[in-house]
Each structure stands twice: as C-alpha cells, then as structure tokens.
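Worksheet: the structure to be examined is printed underneath.
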Amino acid sequence: MGSDSLPNFREERAKARLDDILKAAAELFVERGYDRTTIDDVAARIKLTKGAVYYYVHSKGELLYLCHHEMVVRSIKAIRVIEQMDSSPCDKLYMAIYQFVMSATENRAIYTVIERPDVLPAKLRRKVIGERDRYEAELQRLIDDGVQSGDFHEVDPVLTRLLILGSVNSVARWFREGEQYRGTDIAHYYAQQFLRMLLHPTAVAPPPSLLDFSSAPGET
1 MGSDSLPNFR EERAKARLDD ILKAAAELFV ERGYDRTTID DVAARIKLTK GAVYYYVHSK
61 GELLYLCHHE MVVRSIKAIR VIEQMDSSPC DKLYMAIYQF VMSATENRAI YTVIERPDVL
121 PAKLRRKVIG ERDRYEAELQ RLIDDGVQSG DFHEVDPVLT RLLILGSVNS VARWFREGEQ
181 YRGTDIAHYY AQQFLRMLLH PTAVAPPPSL LDFSSAPGET
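With full-length UniProt numbering, the residue at position 53 of the sequence shown is 53, and numbering never jumps.
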C-alpha cells in the first residue's frame with residue numbers, strides 16, 4: 001500500500017466507525033428513548049470505549065443532530081431520485097409521501113426528540129431547520145408540479161405541504177412497531193389518502209396498485 005493511499009484509508013475507516021456509532025445511537029434512541037440512552041450505552045453496543053465515541057462526537061446532543069442529519073440526507077437523496085423518474089406527478093408524490101412516512105416510523109425517536117427546545121444548542125437547531133427546509137422545498141416542488149400539470153386540484157401548495165408534513169410528523173409520536181399497524185401499512189394508507197384528496201377528476205388515474213389499499217392492516 002502506497003503512502004498516498006494511507007490518508008484515504010484512514011478517512012474511510014473513520015467514516016465507517018462514525019457510521020457504526022450513529023447506527024447504534026439511532027437504534028438505542030428508538031429502543032430506550034433519548035433521555036435514557038447514554039454515551040456509555042452507545043459505546044457498549046458497538047464494543048468501543050466511551051473515550052472512543054467522544055473522539056467522534058462531543059455530546060449526546062451532537063450525536064442526535066448527526067443522526068438527524070444522516071436521516072435528512074437520505075430523504076433528500078430519495079426524493080431527488082423520485083423527481084427524476086419518468087412518472088406522473090401523482091406517482092411521484094405518492095412515492096415521496098410513502099418514503100417520508102417510512103422514515104418517520106423507522107426513526108421515530110429522532111423525529112420526536114429533535115423538536116424539543118432543550119435538546120440542541122441554538123447553532124445545531126439552526127442547522128436542523130436549514131436541513132429540514134431543503135427537504136420541504138423538494139416536497140413543495142412535487143406538489144407544485146402536480147398543480148401546474150392539472151393532475152391535482154387548484155390547491156394552495158404551501159398549505160398542502162404543511163398539511164402533509166404535520167400529518168406525517170405526528171406518526172412518529174404514536175407509531176409502535178409490532179402493534180396494530182405496520183410501517184408499510186401506514187405509509188401506503190397516508191400516501192393513498194393524500195393522493196385521493198389532491199387528484200383532479202380529469203387527471204389520468206394512477207395504477208390501481210398505488211391507490212388500492214387492499215391488504216388488511218397487520219396482515220403478513
């Protein structure tokens with residue numbers, strides 16, 4: 001291995017280690033709750049020392065922020081892929097809402113705790129708001145496209161976006177895996193209902209598989 005490759009190797013190893021830390025933290029935040037999770041717990045989950053974790057993050061609040069950051073980055077990448085698909089505005093918004101709901105069910109601890117004003121310092125809260133604004137702008141674009149194409153009713157796009165965001169964010173507060181509904185059930189149902197609300201009667205209907213919620217909640 002040449003000397004030039006050593007910095008890249010170290011960077012890749014450091015990134016992989018940080019990814020492991022964030023994955024463990026996100027799992028523990030869901031399993032135990034943010035308040036009951038400690039840096040010691042995160043370290044023990046991946047067999048590191050507490051000091052090794054602190055080498056990558058300075059506080060539990062920063063750990064929460066980084067988990068949120070990774071979650072938003074994945075969501076923005078997903079919605080941008082959807083935007084580039086050769087599909088109707090209806091199909092694109094359906095897929096975006098589905099992805100959004102799945103993220104809320106899989107990361108519910110992060111969604112709920114990040115809203116608390118006591119968790120993050122002002123600097124990190126500003127970063128969270130900025131990242132969230134970027135995701136919301138992508139969602140807004142999908143709604144705008146549907147209104148402009150005539151696929152959707154002449155709704156107020158901003159209020160429609162806020163309605164979708166508020167409804168989906170609330171899922172994180174009440175969803176519990178393994179109870180009456182699966183995450184996929186909720187994601188399909190929410191996407192279905194919002195599209196039924198928005199779809200213009202003269203628009204070309206989406207494939208039945210998108211709007212038919214045929215499987216009973218909780219069915220395997």
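All residues carry an ideal CB built from backbone N, CA and C; glycine is no exception.
What is the DSSP secondary structure of residue i, reduced to helix, strand or coil?
i       : result
Leu-48  : coil
Phe-152 : strand
Leu-199 : strand
Gly-8   : Looking at the sequence provided, one finds Asn at residue 8 rather than Gly. If DSSP states are grouped into helix, strand and coil, Asn-8 belongs with the helices.
Phe-29  : helix
Pro-208 : Annotation note: pLDDT 43 at Pro-208 (below 50); position unreliable, no value reported.
Gly-178 : coil
Arg-125 : helix
Asp-91  : helix
Val-119 : coil
Asp-35  : coil
Val-57  : coil
Asp-86  : coil
Would you mind sorting residue i into buried or exposed? The rule is 16 or more other CB atoms within 10 Å of its CB.
i           : result
Asn-107     : buried
Asp-151     : buried
Ile-129     : exposed
His-58      : exposed
Arg-37      : Position check: residue 37 holds Thr in this sequence, whereas Arg was assumed. Looking at its Cβ environment, which holds 16 or more other Cβ atoms inside 10 Å, Thr-37 is buried.
Tyr-54      : exposed
Met-71      : buried
Phe-9       : exposed
Ala-137     : exposed
Ala-14      : exposed
Val-81      : exposed
Glu-219     : At Glu-219 the pLDDT is 39, less than 50, meaning the model places this residue with poor confidence and gives no usable figure here.
Val-158     : exposed
residue 226 : Limits of the chain in this structure are 1 at one end and 220 at the other, which puts residue 226 out of reach.
Among the options, whose alpha-carbon lies nearest the alpha-carbon of residue i?
i       : options                               : result
Ser-170 : Ala-109, Glu-70 and Tyr-94            : Ala-109
Ile-143 : Lys-127, Asp-133 and Asp-156          : Asp-156
Asp-40  : Lys-50, Ile-82 and Gly-166            : Lys-50
Arg-126 : Ala-96, His-68, Asp-185 and Ala-191   : His-68
Val-168 : Ala-96, Asp-19 and Val-30             : Ala-96
Tyr-189 : Asp-35, Tyr-34 and Phe-100            : Phe-100
Arg-196 : Asp-185, Val-158, Thr-184 and His-153 : His-153
Tyr-56  : Ser-75, Asp-35 and Leu-18             : Leu-18
Asn-30  : Arg-141, Ala-172 and Arg-134          : Rather than Asn, the amino acid found at residue 30 in this sequence is Val. For the residues Arg-141, Ala-172 and Arg-134, the minimum Cα distance to Val-30 belongs to Ala-172.
Ile-76  : Glu-12, Asp-133, Gln-180 and Gln-192  : Asp-133
Lys-79  : Arg-32, Tyr-135 and Arg-182           : The residue you asked about is not Lys; residue 79 is Ile in the sequence shown. Nearest option by C-alpha distance: Tyr-135.
Met-102 : Ser-87, Met-85, Val-113 and Gly-183   : Gly-183
Ile-21  : Tyr-111, Ala-52 and Glu-12            : Ala-52
Going by DSSP, what residue range makes up the alpha helix (DSSP H) through residue i?
i           : result
Arg-108     : 108-113
residue 225 : Limits of the chain in this structure are 1 at one end and 220 at the other, which puts residue 225 out of reach.
Arg-161     : 157-174
Exercise for the section: Would you check if the region 109-119 and the region 147-165 touch, i.e. whether three or more CB-CB distances between them fall below 8 Å? Expected result: The region 147-165 vs the region 109-119: no contact.
Practice task
Decide if the region 23-41 is in contact with the region 52-65; the criterion is three or more beta carbon pairs, one per stretch, under 8 Å apart.
Solution key: yes
Problem - Validate contact between the region 176-190 and the region 134-149 using beta carbons, cut 8 Å, 3 pairs - result: Flag = no, the region 176-190 and the region 134-149 do not touch.
Handout entry: Segment contact, 8 Å Cβ cut-off, at least three pairs: the region 88-100 with the region 45-58
Key = Contact fails: fewer than three Cβ-Cβ distances are below 8 Å.
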